[in-house]
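Asker: Quick note, the sequences are listed as chains A and B, same order. Just so you know, we're using my numbering here: the first sequence kicks off at 91 and counts up by one. Just so you know, we're using my numbering here: the second sequence kicks off at 11 and counts up by one. Got a structure here, written out as structure tokens. Questions coming.
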Amino acid sequence: RKEVEQDPGPFNVPEGATVAFNCTYSNSASQSFFWYRQDCRKEPKLLMSVYSSGNEDGRFTAQLNRASQYISLLIRDSKLSDSATYLCVVNGNQGGKLIFGQGTELSVKP
Amino acid sequence: DVKVTQSSRYLVKRTGEKVFLECVQDMDHENMFWYRQDPGLGLRLIYFSYDVKMKEKGDIPEGYSVSREKKERFSLILESASTNQTSMYLCASSFGERKLFFGSGTQLSVL
Chain A
91 RKEVEQDPGP FNVPEGATVA FNCTYSNSAS QSFFWYRQDC RKEPKLLMSV
141 YSSGNEDGRF TAQLNRASQY ISLLIRDSKL SDSATYLCVV NGNQGGKLIF
191 GQGTELSVKP
Chain B
11 DVKVTQSSRY LVKRTGEKVF LECVQDMDHE NMFWYRQDPG LGLRLIYFSY
61 DVKMKEKGDI PEGYSVSREK KERFSLILES ASTNQTSMYL CASSFGERKL
111 FFGSGTQLSV L
């Protein structure tokens with residue numbers, strides 16, 4: 091089993107749609123969780139951290155379920171500019187080491 | 011503005027060559043990382059370093075080595091390049107378990 095697994099993509103949605111990405115992780119001791127965004131041919135950049143109580147940043151909402159070892163990202167009112175690959179990231183066994191999921195590609199169409 | 015700089019954006023090398031990929035960060039970060047990214051496989055950690063002269067193997071260290079002689083610089087070395095090392099290489103740095111800052115990547119082709 092992979093340490094971090096994400097929904098397979100691509101997700102093709104119309105503008106204005108709500109879309110959700112899921113991610114499961116295998117290490118029950120993980121304490122840090124993030125969503126990164128990667129545009130085509132660019133480096134990954136932090137989108138948001140994921141906190142135990144869930145958190146929201148504008149149209150983006152992140153949730154953590156420790157019992158099920160599962161995190162999610164919800165994007166409301168999708169924009170064309172949201173088109174990118176979304177990477178789920180979890181800290182591993184060794185301190186600052188971060189493990190990346192394979193990524194889920196999102197394409198928002200007009 | 012924070013910056014992680016990788017020495018080359020594109021690099022073409024021949025099989026068997028020794029290859030150096032350089033990465034410099036200007037944020038005084040303790041942690042530095044080298045990843046490779048391949049289609050369908052995502053980002054995989056090659057090596058990382060918590061401090062000067064310290065290094066730890068990641069998930070796929072075979073065929074690679076690293077050097078961290080100064081805090082701001084982390085070098086990835088391919089001792090004898092092979093075609094299966096053709097990939098996008100991404101360097102990153104962080105302070106503790108806070109967010110990673112990535113360089114813009116080096117697309118390495120080994121012929």
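Yeah, the Cβ is synthetic: ideal placement off N, Cα and C, and Gly gets one too.
Of all the CB atoms in chain A, is at least one closer than 8 Å to the CB of PHE112(B)?
Answerer: It does; some Cβ of chain A falls within 8 Å.
Asker: How would you list, in chain order, the residues of chain B whose beta-carbon sits under 9 Å from the beta-carbon of PHE124(A)?
Answerer: Within chain B, the residues near PHE124(A) are LYS109, LEU110.
Asker: Counting along the chain, where does the beta strand (DSSP E) carrying LYS23(B) start and finish?
Answerer: From DSSP, the beta strand (DSSP E) with LYS23(B) extends over 20-23.
Asker: Interface residues of chain A around LEU51(B) at Cβ under 9 Å?
Answerer: Neighbours of LEU51(B) on chain A, chain order: GLN192.
Asker: Kindly say whether GLY136(A), judged by its beta-carbon, lies nearer than 8 Å to any beta-carbon of chain B.
Answerer: In the sequence as displayed, the identity of residue 136(A) is Leu instead of Gly. True, the Cβ-Cβ gap to chain B drops below 8 Å.
Asker: Taking the alpha carbon of LYS199(A) as the reference point, which residue from LYS169(A), GLN192(A), GLY182(A), VAL180(A) has its own alpha carbon closest?
Answerer: Per the Cα distances, LYS169(A).
Asker: Give me whichever residues DSSP pairs with PRO104(A) in a beta bridge.
Answerer: In the DSSP output, where bridge partners are listed per residue, PRO104(A) has LYS199(A).
Asker: Leaving out five residues on either side along the sequence, give the residues of the same chain with a beta carbon under 8 Å from the beta carbon of LYS80(B).
Answerer: Once the five neighbours on either side are set aside, the close Cβ partners of LYS80(B) are VAL62.
Asker: With distances taken from CA atoms, which of ILE87(B), ALA102(B), HIS39(B), VAL120(B) is nearest LYS135(A)?
Answerer: Nearest of ILE87(B), ALA102(B), HIS39(B), VAL120(B) to LYS135(A), Cα basis: ALA102(B).
Asker: Please list, in chain order, the chain A residues whose beta carbon lies closer than 9 Å to that of GLY115(B).
Answerer: Within 9 Å Cβ-Cβ: ARG131, LYS132, GLU133.
Asker: Given this structure, state the Cα-to-Cα distance separating ARG24(B) from GLU93(A), to the nearest angstrom.
Answerer: Rounded to whole angstroms, ARG24(B) to GLU93(A) spans 34 Å at the Cα level.
Asker: For GLN121(A), which residues from the same chain have a beta carbon less than 8 Å from its beta carbon, with the 5 sequence-adjacent residues on both sides left out?
Answerer: Around GLN121(A): ASN181.
Asker: Could you tell me how far apart the beta carbons of ASP147(A) and MET138(A) are, in whole angstroms, since I believe they sit closer than 8 Å?
Answerer: With 8 Å as the limit, ASP147(A) and MET138(A) qualify as a contact, their Cβ atoms being about 5 Å apart.
Asker: Our contact map puts VAL14(B) next to GLN35(B) with C-beta atoms below 8 Å; I'd like the distance itself, whole angstroms only.
Answerer: Right, the Cβ-Cβ distance comes to about 5 Å (below 8 Å), so this counts as a contact.
Asker: Starting from TYR45(B), follow the beta strand (DSSP E) in both directions and report where the run begins and ends.
Answerer: Unbroken beta strand (DSSP E) run through TYR45(B): 41-48.
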